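Everything below concerns the one structure shown next.
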């Protein structure tokens with residue numbers, strides 16, 4: 007690990023960012039609502055791009071293009087935030103960098119958050135947006151890139167697609183940074199799976215001790231939030247399970263010191279079972295979603311690698 011990363015990690019530990027993930031369900035919902043109320047989509051930050059808004063049943067997608075004419079390629083970018091909070095500056099920065107460096111248009115979806123909608127709606131609307139992208143781009147020219155919960159969604163819409171009567175063609179590739187899964191036994195009605203989930207939970211808890219951002223406690227809290235309205239398909243809760251048929255090549259990125267690294271072997275098992283071509287990249291000693299951060303060399307290198315794959 008670089009000195010820059012070690013210093014940054016020490017500062018994050020001192021700031022105790024993990025305390026947010028130890029809050030109660032009511033506190034998480036209050037925090038998420040506050041963040042959503044504060045969020046304003048500032049289109050002036052895209053003044054150097056051709057920017058337009060695509061809507062899916064009222065949910066906005068920011069389309070960024072280098073020129074008024076659409077490119078031949080596009081990236082569906084799905085930000086992270088635990089399905090409860092809106093995007094922030096670093097998410098929009100990487101969107102602009104992708105446009106600048108890959109010759110692709112970026113579709114940045116402000117997908118439905120589970121504070122007000124069910125997760126099923128999130129999947130449905132994202133799938134609808136992907137369908138709309140296919141009207142403008144060939145499937146082999148579309149990449150899906152997601153971070154954290156957005157990485158789960160990037161994988162999940164492939165599983166959702168497999169459930170549809172008329173399936174859409176697969177994209178060129180999926181790049182998922184720190185995708186995760188909630189042990190199903192933490193959800194109401196799945197308590198009988200505690201034995202099956204024991205090893206998974208043990209790994210999550212052990213890695214939580216090293217994780218400087220995410221705390222294991224959050225998994226139970228967000229499971230409760232997800233299940234507030236209705237029972238959901240298993241793959242929406244734990245994207246390590248489900249039908250991975252027809253998946254394109256899928257790239258996963260994890261820091262070895264993040265809770266969600268516990269999911270890596272379960273994804274690998276599913277990829278092998280379904281014959282999915284895949285690569286899993288591990289940042290040794292690094293944190294959750296480390297490729298989002300360019301201020302330390304490991305994050306910058308991984309982000310540049312991802313951008314190169316999108317070319």
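In the working numbering, the protein residues as written are 7 to 317.
Positions of the beta carbon are idealized from the N, C-alpha and C atoms, including for glycine.
Please read all numbers here as calculations on a predicted model, not as lab measurements.
- Message: Given this structure, state the Cα-to-Cα distance separating residue 222 from residue 274, to the nearest angstrom.
- Response: The residue you call residue 222 lines up with position 216 of the chain shown. The residue you call residue 274 lines up with position 268 of the chain shown. One C-alpha to the other measures close to 22 angstroms.
- Give the C-beta separation of residue 84 and residue 160 to the nearest angstrom, bearing in mind that I take them to be a contact with Cβ-Cβ under 8 angstroms. Taking the first residue of the chain shown as position 1, residue 84 is located at position 78. Taking the first residue of the chain shown as position 1, residue 160 is located at position 154. Confirmed, Cβ separation roughly 5 angstroms.
- Item | Cβ pair residue 154, residue 87 closer than 9 angstroms | Working through the chain shown from its first residue, we reach residue 154 at position 148. Working through the chain shown from its first residue, we reach residue 87 at position 81. Cβ distance < 9 angstroms, so residue 154 and residue 87 count as in contact.
- Item | Beta-carbon proximity check, residue 151 vs residue 82, cutoff 9 angstroms | Within the chain shown, numbered from 1, the residue matching residue 151 stands at position 145. Within the chain shown, numbered from 1, the residue matching residue 82 stands at position 76. Closer than 9 angstroms, so yes.
- Rounded C-alpha distance that separates residue 204 from residue 257: The residue labelled residue 204 in the question sits at position 198 within the chain shown. The residue labelled residue 257 in the question sits at position 251 within the chain shown. Using only the alpha carbons, I get a separation of about 27 angstroms.
- Query: Exposed or buried, which one is residue 58 when buried takes at least 16 other CB atoms within 10 Å?
  - Reply: One-based indexing of the chain shown puts residue 58 at position 52. Label assigned to residue 58: exposed.
- Message: For residue 298 and residue 117, I'd like the C-alpha separation in whole angstroms.
- Response: Along the chain shown, one-based indexing puts residue 298 at 292. Along the chain shown, one-based indexing puts residue 117 at 111. So the two alpha carbons sit approximately 19 angstroms from each other.
- Item | Residue(s) in a DSSP beta bridge with residue 230 | Taking the chain shown and counting its residues from 1, one reaches residue 230 at position 224. DSSP links residue 230 through a beta bridge to no other residue.
- Kindly confirm or deny that the segment 209-222 and the segment 238-251 touch, where touching means at least three C-beta pairs closer than 8 angstroms. No: fewer than three Cβ pairs fall under 8 angstroms.
- Message: On the DSSP bridge list, what partners appear for residue 256?
- Response: Here residue 256 corresponds to residue number 250 of the chain shown, with the count starting at 1. Looking at the DSSP assignment, residue 256 forms a beta bridge with 180, 284.
- Message: Please state the DSSP three-state secondary structure of residue 109.
- Response: Reading the chain shown from its first residue, position 103 is the one you call residue 109. DSSP places residue 109 in coil when its eight states are reduced to three.
- Message: Can you tell me whether residue 95 is helix, strand or coil according to DSSP?
- Response: Reading the chain shown from its first residue, position 89 is the one you call residue 95. The DSSP-derived three-state label of residue 95 is helix.
- So residue 176 packs on residue 254, CB below 8 angstroms; how close in whole Å? Counted from its first residue, the chain shown places residue 176 at position 170. Counted from its first residue, the chain shown places residue 254 at position 248. Rounded, the Cβ-Cβ distance is 5 angstroms, consistent with contact.
- Item | Status (buried if at least 16 other CB within 10 Å, exposed otherwise) for residue 179 | For this step, residue 179 is matched to residue 173 along the chain shown. Burial of residue 179 is indicated by the presence of at least 16 other C-beta atoms within 10 angstroms of its C-beta.
- Query: By Cβ distance below 7 angstroms, which residues in the same chain neighbour residue 224 in space, the five residues on each side in sequence not counted?
  - Reply: Counting from one through the chain shown, the residue named residue 224 turns up at place 218. Hits under 7 angstroms: 27.
- Message: Quick test of your reading: residue 306 and residue 300, contact by CB under 8 angstroms. State the CB separation rounded to the nearest angstrom.
- Response: Stepping through the chain shown from its first residue, residue 306 is reached at position 300. Stepping through the chain shown from its first residue, residue 300 is reached at position 294. The pair is a contact, with the Cβ atoms about 4 angstroms apart (cut-off 8 angstroms).
- Message: So, for residue 71: in the same chain, excluding its five sequence neighbours on each side, which residues have a beta-carbon less than 6 angstroms away from its beta-carbon?
- Response: Position 65 of the chain shown, counting from 1, holds the residue named residue 71. Cβ within range, chain order: 56, 111.
- Integer Cβ distance of residue 142 from residue 62, believed to fall under 8 angstroms: Taking the chain shown and counting its residues from 1, one reaches residue 142 at position 136. Taking the chain shown and counting its residues from 1, one reaches residue 62 at position 56. In fact, because the Cβ distance is near 14 angstroms, the residues do not count as touching under 8 angstroms.
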